[in-house]
Every structure is written in C-alpha cells, then in structure tokens.
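K.L.:
Each position in the sequence shown, counted from 1, maps to that position plus 501 in our numbering. The structure's right below; bear with me while I get my questions together.
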Amino acid sequence: MAGQKNHVISSRIGIIGGGISGIAAAKQLSSYNPIVFEATDSIGGVWKHCSYNSTKLQSLRRDYEFSDYPWPERDNSSFPSHIQILEYLHSYATNFDLLKFVRFNSKVVELRFIGDRDAADADGKPGEYGSLLAGRPVWEVAVQTDQSQDVQWYSFEFVVVCIGKYGDIPKLPVFPRNKGPEIFQGQVLHSLDYSKLDKEGVTHLLKGKKVAVVGYKKSAIDVAVECAEANQGPEGQPCTMVIRTLHWTVPHYWRRAVSKFIESYLMWKLPLHKYGLKPDHPFEEDYASCQMAILPDNFFSEADKGKIKFKRASKWWFWDGGIQFDDNTKLEADVVVLATGFDGKKKLKAILHEPFRSLIESPSGVMPLYRSTIHPLIPNMAFVGYVESVANLQTAELRSKWLARLVDDRFKLPSVEQMIEKTNKETEIMKKTTRFYKRGCISTYSINHSDELCEEMGWGSWRKKSWLSEAFSPYNSEDYKEETEMNI
C-alpha cells in the first residue's frame with residue numbers, strides 16, 4: 502500500500518481508467534471537471550493495450566458508437582480494426598474536449614475510504630444509500646506517476662471506477678510441482694504479452710515454430726490465425742489450439758440474430774463436426790454470457806490447409822518438449838501462448854481496503870451492482886464497464902448518462918435493501934439462463950435493462966419513432982440520444 506501522504510489535492514469527482522468506459526463517464530460528468538487517471542500514455546484501454554495486429558471489432562460501426570458522435574462511413578459493412586476504433590475514440594475525446602480531464606501515466610495504487618459509512622453498512626444493516634456527492638471528501642486516492650515510487654494523494658466526494666475486467670492482470674493456469682512452465686525448454690507467454698508485440702515481433706515469435714495456443718475464445722482464435730498466416734508454405738509449422746471448454750463461434754457476417762434455428766444453421770455452415778468443435782451446451786448459453794466469438798473469415802480455411810489443428814483436453818501440463826495431456830499423449834511445442842483470460846476482480850481488490858475488498862464478489866461469485874453500476878454496500882462509488890453485452894460502448898454510455906443524472910440528484914436510488922434484492926434476483930435469473938452466469942453479461946436482457954434505466958431517468962422507454970420500428974428494428978446508441986436531441 503501507498504506510504505505517507507504529502508499534500509492532498511482535492512476535487513469533487515475522480516474517474517479511474519481512460520478506456521471506453523472512462524471516456525464515456527468523463528463526457529457525461531464533464532460539468533464537474535472530473536480528474537481522469539489513466540495509467541498509460543494513451544486513452545483506449547484494451548483497444549490500445551490488449552489488441553493484436555489482426556484484432557477487429559466484432560460488430561458493425563453503428564452498433565459501437567456514441568449516441569452523439571456517429572462514425573464516419575457508419576454504414577460501412579466491414580468491421581473496423583482496433584486502430585480505427587482508437588482513432589474514433591480520440592476523435593470523440595477531442596471533439597468534446599475531454600482530454601483536458603485526463604492525467605496520463607497516472608496509476609491508481611490505493612483507494613481509502615474516509616467517510617462515515619452511515620449510508621451503507623457492510624455489517625448487514627442496510628439503509629438509504631444517500632447522495633453520490635457527499636459535500637465533503639470521502640475517498641482518498643493514491644497515484645503513482647511515470648512509474649515513480651513517489652505517490653500523490655487526491656481526495657474526492659465521488660469516485661467512478663472504469664478499469665474494467667480485462668487487461669493488466671493475466672489469469673494463469675496452476676500446475677502441479679515440476680509440471681509448470683519452468684521445466685519447458687521453449688517460450689511461454691500470456692496473450693497480454695503477445696499483444697505488446699509489433700508485426701515484426703509476432704513474425705519472429707511464430708514463423709517456423711511449433712506453436713500451441715491454449716484457449717478457444719476470441720483472443721485464442723485471433724492468435725491461431727496470425728500463427729497460421731506466419732507459417733504459410735511447405736516450411737510452415739501448424740498451430741495447435743488446446744481446448745478445455747468449447748464455445749460457439751459464428752461467421753464474420755453474423756448480425757446478432759438469435760433463434761432456436763441458429764445451432765442448426767451453424768452446424769450446416771461451419772465444419773464443427775469435422776473438427777470436433779460442437780459445444781455440449783446450447784448456443785443461447787454462450788450468447789447469454791457474451792462468450793461466442795466471431796470468426797476471422799479465413800479461420801477454417803487455414804484449418805483445412807492443416808495450419809490450425811485442435812486438441813481437446815480437460816487437463817494438461819508441461820514437459821520439457823511441450824505439453825502433455827491427461828490421455829497420456831504429448832504435443833511438441835516451441836512456443837506456448839496462454840490465451841486464458843484476465844483477473845479483473847483481482848486488480849480491483851488490489852487497490853481497495855477491507856471491508857470493501859470482500860464485497861467485490863457476492864457468495865454467488867458475481868459482482869452485485871444495481872443497474873450494473875452501483876454497489877449497494879460501497880458508498881460514493883460507481884463502476885462503469887463491469888457488465889458485458891453485445892454492444893459494450895452503448896452499455897457504458899447509457900449507464901454513464903444514468904449515473905450523471907443520479908449525481909445531479911434528478912432521481913433517488915432505492916434503499917440499500919431493495920437494491921440488494923434486485924441484484925440477487927438478477928443473479929438468480931442469470932443462473933437459469935446460462936451456466937456461465939458469473940461473467941456478468943446482460944445480452945439476453947439488454948433492452949429490458951435499458952428500458953429500466955430510461956424510466957428511472959424520466960425518459961420514455963420506447964425509443965423508436967414508430968411501433969413498427971420498436972417491434973422489428975434493432976436498438977443501437979442512436980436510439981438513446983438525449984431527449985432534447987431526439988425532439989429536434
């Protein structure tokens with residue numbers, strides 16, 4: 502934890518993180534001149550620091566844009582690259598003069614609550630949550646700048662946490678003694694380290710190498726395709742994907758349609774039987790947990806050429822020449838890429854003191870957030886970007902709009918007890934929808950969630966201009982413009 506305090510800088514609102522969610526929150530709270538702490542030298546979050554050379558958005562531009570700032574060529578049917586997304590985000594931040602709020606190379610290392618905690622009692626005596634702006638500082642934030650060991654302290658009435666669930670801290674497999682990476686003669690790296698390589702570095706790592714990629718979600722699939730592309734020709738080596746849990750994948754031209762016929766269509770369109778890649782669970786479970794990945798258009802063509810191979814395994818470990826499996830087979834490898842995800846809760850717990858640290862997860866394993874934003878038992882703090890959907894930018898922006906109106910006291914929160922009851926009910930519903938409910942995805946219920954947010958803000962929940970559009974047209978950010986904008 503941070504050491505002795507020097508002069509404390511006070512402000513009303515602090516925002517931690519300069520990714521999509523942090524910029525969305527800064528825009529909506531701009532009238533308060535918030536201070537945005539960004540640990541790196543750039544805004545963009547995972548699009549800047551966890552993207553590969555081939556990383557693209559998994560949806561159309563019009564499904565990933567701010568309500569008041571449409572993409573140029575928004576009807577372009579191609580998926581934008583991560584570079585184009587960063588350009589769009591920078592353009593948005595510049596257009597609305599948001600960069601003046603951002604303090605770059607400023608890493609938050611500790612959060613200390615200095616309020617009285619009457620609003621929310623973690624010992625189980627819930628009352629009224631109270632106003633988000635306390636009228637006095639209630640949180641102290643320790644910040645390290647430019648990798649210095651020196652710490653600058655700030656104090657705020659209200660803090661918005663936007664560091665998200667991805668990046669920073671990799672989730673790594675745990676191995677028995679003498680069966681971990683230390684005995685492997687090749688190179689092991691997590692996808693987070695892989696994302697830091699430029700195109701030349703990727704080619705040097707993969708070309709002519711026997712590569713194993715552990716995982717079968719979007720990151721693993723992208724790495725496997727880049728590996729195949731680096732190993733074209735007779736001298737090229739195949740890449741083997743090591744898969745514990747299969748998830749549904751969809752073609753790059755998929756447009757968010759979900760029906761009882763989707764599995765039959767995917768089995769007809771994709772060679773899932775051929776490669777043993779049909780999941781054991783229904784498609785709806787992956788959709789409800791935001792886990793289906795959109796395939797690069799050349800994924801199965803590379804598999805057909807033998808450049809991508811697949812190995813199912815519930816357990817595996819290292820030997821000096823590669824990976825060994827629980828069926829007693831071995832896979833030779835020069836490089837092992839661990840596309841095994843991130844530990845977002847761990848990085849949040851690292852900066853929070855008790856008792857709040859223990860409140861990050863409920864007994865069910867889910868972070869209990871009212872309206873996916875307010876923890877009923879953590880006072881004067883909000884979380885933006887901790888819920889997933891099929892349109893994460895839209896989700897973050899709408900919750901930021903809701904949060905700004907809550908800060909302005911335009912409406913009141915229910916009691917802490919009512920908020921806890923609401924979050925528990927939502928968790929129980931998710932448990933019935935998917936076995937992967939702990940991921941905090943609202944894709945199945947996103948319109949219902951948005952309707953409730955609108956109603957709480959005093960907006961109409963019917964956002965389209967006609968009942969036909971309400972019934973048959975998909976929602977996007979444009980439908981959630983400010984009420985005044987929509988009436989112009």
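Virtual Cβ for every residue (Gly too), placed ideally from N, Cα, C. If you're wondering where the values come from, they're calculated on a predicted model, not measured in any experiment.
Around the Cβ of THR595, are there at least 16 other Cβ atoms within 10 angstroms (buried) or fewer (exposed)?
P.N.:
By the 10 Å Cβ count, THR595 comes out exposed.
K.L.:
For MET1000, which residues from the same chain have a beta carbon less than 8 Å from its beta carbon, with the 5 sequence-adjacent residues on both sides left out?
P.N.:
This structure gives no information on residue 1000, because the portion of the chain shown stretches from 502 to 989.
K.L.:
Across the stretch 735–753 and the stretch 770–785, are there enough close Cβ pairs to call them in contact, namely three or more that are closer than 8 Å?
P.N.:
These segments touch.
K.L.:
Taking all protein chains shown into account, decide if LEU839 is buried (16 or more other Cβ within 10 angstroms of its Cβ) or exposed.
P.N.:
It is buried - the Cβ of LEU839 has at least 16 other Cβ atoms within 10 Å.
K.L.:
In the DSSP assignment, what are the bridge partners of VAL661?
P.N.:
DSSP output for VAL661 lists ILE516, ALA883 as bridge partner(s).
K.L.:
Would LEU590 and ILE536 qualify as a contact pair, given that the criterion is a beta-carbon distance under 8 Å?
P.N.:
Cβ atoms of LEU590 and ILE536: not closer than 8 Å.
K.L.:
Please say whether TRP820 and LYS810 have beta carbons closer to each other than 8 Å?
P.N.:
It is not a contact, given that the beta carbons lie outside the stated cut-off.
K.L.:
If you count every other CB in all the chains shown that lies within 10 Å of the CB of HIS691, and 16 or more means buried, which is it?
P.N.:
By the 10 Å Cβ count, HIS691 comes out buried.
K.L.:
Can you check whether the CB of VAL885 is closer than 8 Å to the CB of ALA526?
P.N.:
The answer is yes: Cβ separation under 8 Å.
K.L.:
Between which two residues does the beta strand (DSSP E) carrying GLU588 extend?
P.N.:
It is not in any beta strand (DSSP E) - GLU588 instead sits in the alpha helix (DSSP H) that spans 583–596.
K.L.:
Can you tell me the Cα-Cα spacing of ILE989 and THR945, whole angstroms?
P.N.:
With a pLDDT of 42 at ILE989, under the threshold of 50, the modelled position of that residue is not reliable, and no figure is offered here.
K.L.:
CB SER962 to CB GLN895, shorter than 8 Å?
P.N.:
Cβ atoms of SER962 and GLN895: not closer than 8 Å.
K.L.:
Considering only their Cβ atoms, is the gap separating VAL712 from ALA883 smaller than 8 Å?
P.N.:
No, Cβ-Cβ distance for ALA883 and VAL712 is not below 8 Å.
K.L.:
Are the stretch 601–614 and the stretch 552–560 touching by the rule of at least three beta carbon pairs closer than 8 Å?
P.N.:
No, they do not touch.
K.L.:
Let me know if ASP909 comes out buried or exposed under the rule of 16 or more other beta-carbons within 10 Å of its beta-carbon.
P.N.:
Exposed is the call here.
K.L.:
Within its chain, find whatever has a CB closer than 6 Å to the CB of GLY519; leave out the 5 residues flanking it on each side and keep chain order.
P.N.:
So the list reads VAL537, GLU539, ILE544, VAL603, once near-sequence residues are dropped.
K.L.:
Taking C-beta to C-beta, are CYS942 and SER873 nearer than 8 Å?
P.N.:
No; because the gap between Cβ atoms is not below 8 Å, this pair is not in contact.
K.L.:
May I ask you to report which of helix, strand or coil DSSP gives TYR871?
P.N.:
If DSSP states are grouped into helix, strand and coil, TYR871 belongs with the strands.
K.L.:
To the nearest angstrom, how far is the alpha carbon of PRO869 from that of ILE861?
P.N.:
Cα to Cα, PRO869 sits roughly 8 Å from ILE861.
K.L.:
For the beta strand (DSSP E) holding GLU929, just list the boundary residues, first then last.
P.N.:
Where GLU929 is concerned, there is no enclosing beta strand (DSSP E), although the alpha helix (DSSP H) it sits in stretches over 917–934.
K.L.:
Can you tell me which of the three DSSP states TRP960 falls into?
P.N.:
Note: TRP960 maps to coil in three-state DSSP.
K.L.:
Unbroken alpha helix (DSSP H) runs of length 4 or more, entirely within the stretch 777–859: which are they?
P.N.:
Those alpha helix (DSSP H) runs which fall completely within the stretch 777–859 and span 4+ residues are 784–789, 800–805, 845–850.
K.L.:
Sort GLU683, LYS812, THR541, LYS982 by Cα distance to ASP827 and report the nearest one.
P.N.:
With distances taken between Cα atoms, ASP827 lies closest to LYS812.
K.L.:
As a quick exercise: from LYS601, ALA635, GLU953, pick the residue whose alpha carbon is nearest that of ASP1064.
P.N.:
Absent from the model: residue 1064. The displayed extent of the chain is 502 to 989, so no value can be given.
K.L.:
Pick helix, strand or coil for THR746, following the three-state DSSP scheme.
P.N.:
Residue state, collapsed to three classes: coil.
K.L.:
Check whether the Cβ atoms of LEU707 and ASN732 lie closer than 8 Å to each other.
P.N.:
Cβ atoms of LEU707 and ASN732: closer than 8 Å.
K.L.:
Counting only the same chain and skipping the five closest in sequence on each side, list residues whose C-beta sits under 6 Å from that of GLN653.
P.N.:
Contacts found: VAL644.
K.L.:
Beta-carbon within less than 7 Å of LYS808's beta-carbon, same chain only, minus the 5 sequence neighbours each way: which residues are those?
P.N.:
So the qualifying residues of the chain are ALA729, ASN732, GLY737, PRO739, CYS740.
K.L.:
Since LEU612 sits in a beta bridge, which residues does DSSP pair it with?
P.N.:
LEU612 pairs with VAL642, LEU853.
K.L.:
For SER511, which beta-bridge partners are listed by DSSP?
P.N.:
The partner list for SER511 (beta bridge, DSSP) reads SER656.
K.L.:
Can you check DSSP and say which residues form a bridge with GLN688?
P.N.:
Its beta-bridge partners are VAL836.
K.L.:
Put PRO682 into one of helix, strand or coil per three-state DSSP.
P.N.:
Looking at PRO682 - three-state DSSP - the assignment turns out to be helix.
K.L.:
Around the C-beta of ASN881, are 16 or more other C-beta atoms found within 10 angstroms, so that it is buried, or is it exposed?
P.N.:
Buried: at least 16 other Cβ atoms inside 10 Å.
K.L.:
Determine the DSSP secondary structure at GLY625, reduced to helix, strand or coil.
P.N.:
Here the model assigns GLY625 a pLDDT of 40, short of 50, so the residue's position is not dependable, and the following value carries that caveat. Of the three classes helix, strand and coil, the one that applies to GLY625 here is coil, per DSSP.
K.L.:
Is THR556 helix, strand or coil when you go by DSSP?
P.N.:
Of the three classes helix, strand and coil, the one that applies to THR556 here is coil, per DSSP.
K.L.:
Starting from the Cα of VAL724, find the closest Cα among LYS672, PHE800, LYS666, ASN679 and give me that residue.
P.N.:
Here the closest residue by C-alpha is PHE800.
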